[in-house]
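Written out below as structure tokens is the structure these notes cover.
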């Protein structure tokens, strides 16, 4: 047979119909691949799905097959164009539910073209026109047994291939350590796929069709299943019942005392109470003396990571989950009740600052999730571009680097979160920061019979330097009178090897009280005050929102420290607790703050309060309560 005749015969055959449909459905993925930085695996996924769609249409009678082809193709092409265009403008992808906001942005549609590359629009038009052309080129086919077998082949291939492709695309996870923990979960491709918190990662991972299908299932269909809906309804009712039984928050004498002022919130890594002394940390002592000093703040461990647990709770008012799941599991939750979101809603900017990489504690994902506009890593501002620069040995780097300083102290209302490093473990000559600190302050080398203590004091001196320089910088820019400095410690000095010495230095009668840590709020002209109410980390958010006059109707598990009806307590994840009268541990009162104090506490009721507190905290995360 003449080659041209054979070619004409092929393109009038059923095989041609299948091939044209398959190639057509692959075009939208190719368009996205060219316009964005998706992976080769995204193409592989779409090759399989294009075959499934082509096979499905191949099995249908001619007329409905052509109609469905045009509909499916044009929808796919339109989605590809929207995603590629969105990526060109914002550098990321969007979820299908976000299409609801297109109408809101319609008035800016004219300016969209200013952000698109020159060939984008012609290529998009050609992509859309191809649907009509391919439908016209598609030859007539008839129903046959061969077509049925072809469809079966496509479906079986997809079922067999897709799981393998997913494992292969996530294979790099197996080479990384810690991706199953809150430390580096944000780097895990499989977690991005399972949790669906980052559209760009998911689309890059598995392509247009697979990610869109998963998007529809996870975000639109699965939540509406009767079983899921019924369970969630019951859990939400349980939360509502819990809050309804509590006395609602009300204004008090401290409401709005700091309204309108800028905020620098500092997570003072490992700054235990016994490490703050006049001869070591004079600036911190001054801030605590001149400001509001909370002398009975406890930072209980929930979850498995102490620092991030406190960081998360301070910002959101919710402790890490105690049910074994990672805090990162809830990275896509709505945290509109968080401190950064509350301040941003009031017109403030909000950024988080730390020396460590965005992958550590998955902060590059979690800080924006909690409401911060950016997670700013100091290493990005050194000529070395790594975390071992000598300049990063001191927290003052954020103030001495001009670009970082401009971000920390902008010319607009700001709520900024600084995570310190200086007092972090370990405390020995083997640690570069410890060695640097003791070289700067050799007078602490023999401060204690325990060598760790000397290094600890030297590191705390570095931390104190940060606060001293912060005050100077605020004064230089004329913002000292208008800025509130807040210091919160993430945990007690549990990382010291000599825990016996820690107990001695903490000078507490029972072990549970070693969890007590510093917390202060300083503002120029603020009347000095000591608050001795027993508090826990979840009380910080409602307390700050009250002080700044931003208290919403939001319900928190914690309470405002200045609420006159709140006698205060700290509840630990194992059900132990401390209130204003006693320390309750392992099923019994182990310490009374005064003779006969136990009689003033309803032990049974307080045990129930503790259990309810832990349950509701977990349910708030599980149900994404603040999104309802």
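Residue numbers (this note's numbering): 37 to 664. In this text, a Cβ means the ideal position worked out from N, Cα and C, and glycines have one as well. Here the structure is a predicted model, which means the values were calculated and not measured.
Less than 7 Å between C-beta atoms, sequence neighbours within five positions excluded: which residues of the same chain meet that for residue i?
i: residue 585; result: 291, 292, 295
i: residue 93; result: 57, 101, 104, 105
i: residue 359; result: 654
i: residue 437; result: 417
i: residue 423; result: Note that residue 423 scores a pLDDT of 48, beneath 50, so its modelled location is shaky; the value from the coordinates is reported in the next line. Closer than 7 Å at Cβ, skipping near neighbours: 391, 392, 393, 415.
i: residue 108; result: 89
i: residue 421; result: Summary for residue 421: the model assigns pLDDT 46, below 50, so the residue's position carries little reliability; its value from the coordinates is reported in the next sentence. Cβ within range, chain order: 415.
Looking only at its chain, what residues have a beta carbon closer than 6 Å to the beta carbon of residue i, apart from the 5 residues adjacent to it on each side?
i: residue 434; result: 389, 440, 444
i: residue 197; result: 84
i: residue 47; result: Residue placement at residue 47 cannot be trusted, given a pLDDT of 45 that sits under 50; what the coordinates show is reported in the next sentence. Closer than 6 Å at the Cβ level, and outside the excluded window around residue 47, lies no residue.
i: residue 532; result: 488, 538
i: residue 602; result: 595
i: residue 463; result: 470, 488, 491, 492
i: residue 113; result: 64, 163, 164
In angstroms, rounded to a whole number, what distance separates the CA positions of residue i and residue j?
i: residue 258; j: residue 163; result: 32 Å
i: residue 373; j: residue 579; result: 13 Å
i: residue 651; j: residue 643; result: 12 Å
i: residue 392; j: residue 432; result: 14 Å
i: residue 449; j: residue 125; result: 27 Å
i: residue 53; j: residue 131; result: 32 Å
i: residue 214; j: residue 399; result: 14 Å
i: residue 35; j: residue 362; result: Residue 35 lies beyond the residue range present for the chain, which begins at 37 and ends at 664; the question has no answer from this structure.
i: residue 311; j: residue 470; result: 15 Å
i: residue 523; j: residue 270; result: 39 Å
i: residue 133; j: residue 250; result: 12 Å
i: residue 313; j: residue 355; result: 30 Å
i: residue 593; j: residue 473; result: 39 Å
i: residue 556; j: residue 342; result: 20 Å
i: residue 475; j: residue 127; result: 45 Å
i: residue 161; j: residue 120; result: 13 Å
i: residue 574; j: residue 278; result: 16 Å
i: residue 193; j: residue 201; result: 12 Å
i: residue 266; j: residue 260; result: 9 Å
Can you have a look at residue i and say buried or exposed, based on whether 16 or more other CB atoms are within 10 angstroms of its CB?
i: residue 488; result: buried
i: residue 640; result: exposed
i: residue 282; result: exposed
i: residue 665; result: Outside the shown range of the chain, which is 37 to 664, sits residue 665, and nothing can be said about it.
i: residue 263; result: exposed
i: residue 70; result: exposed
i: residue 583; result: buried
i: residue 430; result: buried
i: residue 535; result: exposed
i: residue 622; result: exposed
i: residue 26; result: Residue 26 lies beyond the residue range present for the chain, which begins at 37 and ends at 664; the question has no answer from this structure.
i: residue 527; result: buried
Would you mind giving the Cβ-Cβ distance between residue i and residue j, rounded to the nearest angstrom? I have them listed as a contact below 8 Å.
i: residue 129; j: residue 235; result: 4 Å
i: residue 369; j: residue 657; result: 7 Å
i: residue 618; j: residue 627; result: 6 Å
i: residue 506; j: residue 521; result: 7 Å
i: residue 299; j: residue 502; result: Not quite, the Cβ-Cβ distance comes to about 16 Å (not below 8 Å), so this is no contact.
i: residue 570; j: residue 345; result: Not a contact, Cβ separation roughly 19 Å.
i: residue 191; j: residue 339; result: The pair is not a contact, with the Cβ atoms about 42 Å apart (cut-off 8 Å).
i: residue 529; j: residue 304; result: Not really, about 12 Å apart at Cβ, beyond 8 Å.
i: residue 77; j: residue 205; result: 4 Å
i: residue 376; j: residue 407; result: 3 Å
Per DSSP, residue i forms a beta bridge with which residues?
i: residue 413; result: 390
i: residue 280; result: Looking at the DSSP assignment, residue 280 forms no beta bridge with any residue, so it has no partner.
i: residue 333; result: 553, 571
i: residue 566; result: 329
i: residue 628; result: 618
i: residue 525; result: 304
i: residue 605; result: 615
i: residue 519; result: 298
i: residue 129; result: The partner list for residue 129 (beta bridge, DSSP) is empty, contrary to what the question assumes.
i: residue 454; result: 302, 389
i: residue 559; result: 520
So that I know if they touch, is there some Cβ in chain E lying closer than 7 Å to that of residue i?
i: residue 253; result: Absent from the structure: chain E. Only one protein chain is present.
What residues in its chain sit with their C-beta under 8 Å from that of residue i, if we drop five residues either side in the sequence?
i: residue 149; result: 157
i: residue 663; result: 369, 370, 372
i: residue 325; result: 564
i: residue 323; result: 503, 521, 523, 556, 558
i: residue 446; result: 385
i: residue 285; result: 578, 582, 587, 595, 596, 599
Is the closest heavy atom of the ligand GTP to the C-beta of residue i under 6 Å?
i: residue 654; result: This structure does not include the ligand GTP; it has no bound ligands of any sort.
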